[in-house]
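In our numbering, the protein residues as written are 4 to 85.
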């Protein structure tokens, strides 16, 4: 069985991970999502977080993610990082 409609709305479209564009990810309102989607619906595992950290570290090393005026992170800080 697939995702079900809630309150007459179609289920969110799940992107094909093989076609995900890491260079141009979709932009969403994270603040709004964190306040409207319950944590038990986030569907994030520890393995997801480990993979995300690996990908971010790789992009930082490649210079594709860099400090900005709004986020002046230290690329060499492995504890806080971007």
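Idealized CB from N, CA, C, for every residue including glycine.
- DSSP, read as helix, strand or coil, puts residue 72 in coil.
- Look at residue 81 here: in three-state DSSP terms it is coil, with no helix or strand label.
- The alpha carbon of residue 66 has as its nearest neighbour, out of 40, 57, 78 and 72, the alpha carbon of 78.
- Of the residues 63, 35 and 72, the one whose Cα lies closest to the Cα of residue 80 is 63.
- Assignment of residue 25 by DSSP, reduced to helix, strand and coil, places it in the coil class.
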